[in-house]
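Protein chains in written order, with my numbering: chain A, 149 to 284; chain B, 149 to 284. Even for Gly, the Cβ is constructed at its ideal location relative to N, Cα and C.
Protein chains: 2
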Amino acid sequence: MATAKQNRHSRTRSDHATELTEDYVEAIFDIVAANGTCRAVDLANQFQVSHVTINRTVGRLQRDGYVETEPYGPIELTTKGTKLAKASKERHQIVLDFLLALGISRSTAIADSEGIEHHVSPETLNAMKEFIESKD
Amino acid sequence: MATAKQNRHSRTRSDHATELTEDYVEAIFDIVAANGTCRAVDLANQFQVSHVTINRTVGRLQRDGYVETEPYGPIELTTKGTKLAKASKERHQIVLDFLLALGISRSTAIADSEGIEHHVSPETLNAMKEFIESKD
DNA sequence: CTCTGAGTTTAGCCATTGCTAAACTGACTG
DNA sequence: CAGTCAGTTTAGCAATGGCTAAACTCAGAG
Ligand SMILES: [Mn+2]
Ligand SMILES: [Mn+2]
Ligand SMILES: [Mn+2]
Ligand SMILES: [Mn+2]
């Protein structure tokens, strides 16, 4: 029997498996909100990665049911993708606001929150929310 | 580990490139401290990953100058590896203590700090240190 | 209408990090 | 001092996420 002893490193590994997905659906959500539509070139610009990498990553997102797109067409979030995007954006915002409430400069807070957001459990997220509120 | 400014996603990508290295040198440091020596099997047990994966990862660590090892021999940190291990352990401890000071349960704090530690800039680390001291 | 070029896709490469199966080493054990 | 076997290495596979070069599409300019 596979003992599957979950330890703290296993948690971090699984966080990383979903990290890119979360950042992509967040970005697609924001680009659609700003431009009305999202094209591969917008994502390449956002992530500073080649358009070819974007193309294959979006293919995985589609395979996994987060986006819908046709050849040469725009990239749209599915219901599942939209749900993940909203949850991720909310969590990301809380982490950012928390770092700002801690007194971190905005540019550092923006950079740090981009990585930290993916490793914050619901319990820690809640504590961050309370801390923000305690600081008005 | 907080280098390359570029944009916020580039920072996260470079953090991840060093993340595994940091966790490994930390683990090797601790295992040597506890057992007097570190073998591949100890790391496989620690990371819940196959011994083959450990073998190849240690090979990369050696290639990059963090560890020294001979076939069938124990794994030792180089000066560079020891330095990184100590810095990583210190940063990790601060992140853990910070989460505890925030009121997070120990088991959650242990799990979350394992991922968060790699995305914390010096500025944020400093703010965490001050927060811990303010709670003394 | 045709042509053109920005944007997309395809082809093909690489490194990392995971795996299983199988071969090999060398340190205790009997 | 030969055998055993836990631990290590090798071989070979896969998925992810990077890249460049080259081929292809299609909407708008002419
Ligand atoms: Mn985000
Ligand atoms: Mn992020
Ligand atoms: Mn870690
Ligand atoms: Mn991470």
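Going by CA-CA distance only, name the one from the options that's closest to residue i.
i       : options                               : result
N274(B) : I258(B), I242(B) and I264(B)          : I242(B)
Y220(B) : T230(B), H199(B) and G263(B)          : H199(B)
E170(A) : E278(A), E281(A), I280(A) and I264(A) : I264(A)
I202(B) : T226(B), P222(B) and T227(B)          : P222(B)
I258(A) : D190(B), E224(B) and E271(B)          : E271(B)
F177(B) : T205(B), T160(B) and Y214(B)          : Y214(B)
D245(B) : L225(B), T227(B), R156(B) and S282(B) : S282(B)
A188(B) : E216(B), K228(B) and T256(B)          : E216(B)
R208(A) : T160(A), F279(A), M276(A) and L168(A) : L168(A)
E224(B) : R156(B), D190(B) and H164(B)          : D190(B)
With DSSP as the reference, please indicate the residues paired to residue i in a beta bridge.
i       : result
T217(B) : I223(B)
Closer than 8 Å by beta-carbon distance: list the chain A residues that pair up with residue i, in chain order.
i       : result
I258(B) : R156
V268(B) : D260 and I264
What does residue i reach in chain A if we use C-beta pairs closer than 9 Å?
i       : result
T272(B) : L247, L250, I252, T256, A257, D260 and I264
S282(B) : By Cβ distance, chain A contributes nothing, its closest Cβ being about 11 Å from S282(B), past 9 Å.
Starting from residue i, find everything on chain A with Cβ-Cβ shorter than 7 Å and list it in chain order.
i       : result
V206(B) : By Cβ distance, chain A contributes nothing, its closest Cβ being about 15 Å from V206(B), past 7 Å.
Listed from N- to C-terminal order along the chain, which residues in the stretch 177 to 200 of chain A have their beta-carbon within a distance smaller than 7 Å of any beta-carbon of chain B? So the close ones are F195 and Q196.
Chain A contacts from the stretch 154 to 172 of chain B (Cβ-Cβ distance under 9 Å): Q154, N155, R156, H157, S158, R159, T160, R161, D163, H164, E167 and D171
Which residues of the stretch 231 to 259 of chain B have a Cβ closer than 7 Å to any Cβ of chain A? Give them in chain order. L247, L250, G251, I252, S253, T256, I258 and A259
Cβ contact check for the stretch 251 to 265 of chain B and the stretch 228 to 238 of chain A: 3 or more pairs under 8 Å: Verdict: no, contact absent.
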